[in-house]
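Asks:
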Amino acid sequence: MNSDAIPIDIKLTGSSFKTNWSLLVLIFLMPFRNLQVQYLPNFGFGLSTINILFLLSIFHAIKYGVKPTDKIMINKFIVFYILSGILAYFVSFQLLGNDAVENWKSLKDGLIPLFVVFVVQRSAVDEIQWNRILLTTMLSIPYTFRLVYDQYLSVSKYHYSDSLRIRGPFMDLGANELGAYAVTASLVLLALLITTWHIKKMRYVLLVLSVGAIGSLLYSYSRGGYLAFIIGFLAVIFNYKKSFKILFPIVLISVIGLNFLPKSVEERFNSIEAPEEERDESAKSRFVFWKIAYENFKEQPILGYGYKTAADIRINPYQMDTHNYFVKVLEERGAVGITLLALLLVQLRNMIKVKLDWEKNTPIINGTVLGALGAFYALLVGNMFGDRFSHMAIITIFWVVIGLVSVVNSQIDEKEESHAIFKEDS
2 MNSDAIPIDI KLTGSSFKTN WSLLVLIFLM PFRNLQVQYL PNFGFGLSTI NILFLLSIFH
62 AIKYGVKPTD KIMINKFIVF YILSGILAYF VSFQLLGNDA VENWKSLKDG LIPLFVVFVV
122 QRSAVDEIQW NRILLTTMLS IPYTFRLVYD QYLSVSKYHY SDSLRIRGPF MDLGANELGA
182 YAVTASLVLL ALLITTWHIK KMRYVLLVLS VGAIGSLLYS YSRGGYLAFI IGFLAVIFNY
242 KKSFKILFPI VLISVIGLNF LPKSVEERFN SIEAPEEERD ESAKSRFVFW KIAYENFKEQ
302 PILGYGYKTA ADIRINPYQM DTHNYFVKVL EERGAVGITL LALLLVQLRN MIKVKLDWEK
362 NTPIINGTVL GALGAFYALL VGNMFGDRFS HMAIITIFWV VIGLVSVVNS QIDEKEESHA
422 IFKEDS
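Position in the sequence shown (from 1) plus 1 gives the number in my numbering.
1. Could you give the first and the last residue of the continuous alpha helix (DSSP H) run that contains Glu-103?
2. Please report the Cβ distance between Ile-129 and Leu-24, rounded to the nearest whole angstrom; I am assuming they are in contact, meaning their Cβ atoms lie under 8 Å.
3. Thinking C-alpha only, which one of Glu-333, Ala-294, Asp-127 and Trp-131 is nearest Leu-304?
4. Could you check if Asp-127 is buried or exposed, using at least 16 other CB atoms within 10 Å of its CB as the buried criterion?
5. Return helix, strand or coil for Ser-391, following the three-state DSSP convention.
6. To test your reading of the DSSP string, which unbroken alpha helix (DSSP H) runs of 4 or more residues are found completely within the segment 334-396?
7. Ordered along the chain, which non-local residues of its own chain (more than five positions away) have a Cβ less than 6 Å from that of Ile-287?
8. DSSP state of Ser-223, grouped into three classes?
9. Return helix, strand or coil for Ser-93, following the three-state DSSP convention.
10. Measure the beta-carbon distance from Phe-78 to Leu-344 and round it to whole angstroms, keeping in mind my assumption that it falls under 8 Å.
11. Starting from Phe-29, follow the alpha helix (DSSP H) in both directions and report where the run begins and ends.
12. From the DSSP secondary-structure annotation, give me the bridge partner or partners of Ser-49.
13. Closest to Trp-365 by C-alpha separation, out of Val-256, Leu-135, Ile-53 and Phe-290, would be which residue?
14. Could you tell me which of Trp-131, Leu-191, Ser-265 and Leu-210 sits nearest to Ile-238, measuring between CA atoms?
15. Taking the runs of the alpha helix (DSSP H) that are 4 residues or longer, which of them lie wholly in the segment 243-273?
16. Hey, could you find the ends of the alpha helix (DSSP H) Gly-180 is sitting in?
17. Pairing CB atoms from the segment 171-188 with CB atoms from the segment 288-304, are three or more of them under 8 Å?
18. If you follow the alpha helix (DSSP H) that Ser-155 is part of, which residue opens it and which one closes it?
19. Determine the direct distance from the alpha carbon of Ala-311 to that of Gly-375, and round the result to whole angstroms.
20. Counting only the same chain and skipping the five closest in sequence on each side, list residues whose C-beta sits under 8 Å from that of Asn-99.
21. On the three-state DSSP scale, how would you describe Ala-312?
22. Would you give the residue range spanned by the alpha helix (DSSP H) that Thr-137 belongs to?
23. Whole angstroms are fine: how far does the CA of Arg-389 sit from the CA of Leu-228?
24. In angstroms, rounded to a whole number, what distance separates the CA positions of Ser-265 and Ser-223?
25. What three-state label does DSSP hand Asn-16 in the structure shown?
26. Please list, in chain order, all residues of the same chain as Leu-1 whose beta carbon is under 7 Å from its beta carbon, the five residues on each side excluded.
27. Where does Arg-34 sit, in a helix, a strand or coil, going by DSSP?
28. Among residues of its own chain, excluding the 5 on either side of Gly-47, which ones have a beta-carbon nearer than 6 Å to its beta-carbon?
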């Protein structure tokens, strides 16, 4: 894609291709666990409304979509990682026996975001469809922030306490999951805001959405989320083409903004660097769980103990998750799984980084790619504090953005071979 392929102003109408509405509804509803659990029908046999929408989006992508070029290298690494998850499911029978049977339901849900990458690739067939998918990832923010703020007002206190750990729409997950979702949304929105600042009508919309996303992150009181956001935002700033020009305004805004933070948020953030004797039980327990997981890895180093075994009483007397996804993969999928994860992450970083082309790409494209880069680094940090990789409500937004970036990657490769970037309207 280049500036001739996609105009600077975001274009949303006039596509000659059929819109994959099932995909757009799926993306919009994915973060709303409250609606999924309480209101959307469950059809039995492990099939939820989300699963049906996903299947419909696949059908549309196959029938009406356009098959991407085979040069999207990230696809093979995604497939390998999907296969490692399926293998881990079968391996788990050795420890769990018949208790492992029902785990296929959570496994399929955990794999949906990875498969969504392929659906996005076939559905983002022109600039308009690409833009529609990008826009849909942002539409969940207003409702999310409304829930978060309403919940915050109902429990607000001057000083921090665990009663402030609200969940927003992630009712059956937790505050850390809310924070993880808000981190990705915030970074993508801020990157787009930076690269499209000169487009007034986009500037104001992105400003409002960014406030909602960052507000959701602040009121999640997620220390891992705070740290992940800082690392991700630093990546956004220092990979921007004019980082030296935006650095001072960002520092100034940050300094001023810190003075208006609620005292409870300030206290929660400061607890990140608490000395060992002042750590709370949550922080202390993580080291215990990591040690147990490492000992289990040494007993099953090749394939691990299998899917959903990390918290099983037969190998973990505390029956608690590892609170670190990389440690969890090491324990459950062994050396094979952690190697495939590492290869996937390396390929992800390489794919995103190489697509930051300030000469050829439009501001919208570079904003999306820049946001993906920040979200990638944030994901690395966030997964050190818990599983931010396999809950579909959290991670789908990340993989949708990756799907969009991978199409940019694919289509640019085609351009170099003198092919059309997108099929022109007839």
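Built from N, CA and C at the ideal position, the CB exists for glycine as well.
Replies: Reading it off the structure:
1. Segment: none, Glu-103 is in no alpha helix (DSSP H) and carries neither H nor E.
2. The pair is not a contact, with the Cβ atoms about 14 Å apart (cut-off 8 Å).
3. For Leu-304, the nearest C-alpha among the options comes from Glu-333.
4. buried
5. coil
6. 364-383
7. Correcting the residue type first, residue 287 is Arg in the shown sequence and not Ile. Spatial neighbours of Arg-287 in its own chain (CB-CB distance under 6 Å, excluding positions within 5 residues in sequence) are listed in chain order as His-324.
8. Taken through DSSP and simplified to helix, strand or coil, Ser-223 comes out as coil.
9. Secondary structure at Ser-93: coil, using DSSP grouped into helix, strand and coil.
10. 6 Å
11. Start and end: 22-30.
12. Asn-43
13. It is worth fixing the name first, because residue 365 is Ile in this sequence and not Trp. It is Leu-135 whose Cα lies nearest to the Cα of Ile-365.
14. Leu-191
15. 244-259 and 264-271
16. From DSSP, the alpha helix (DSSP H) with Gly-180 extends over 176-196.
17. no
18. 142-156
19. 29 Å
20. Once the five neighbours on either side are set aside, Asn-99 has no close Cβ partner at all.
21. Secondary structure of Ala-312 (DSSP, three-state): coil.
22. 128-137
23. 14 Å
24. 12 Å
25. Going by the sequence as given, residue 16 is Ser instead of Asn. Coil at Ser-16, not helix or strand.
26. Because the chain is modelled from 2 through 427, residue 1 falls outside the range shown and cannot be assessed.
27. In this structure, Arg-34 counts as helix in the three-state DSSP scheme.
28. Lys-106
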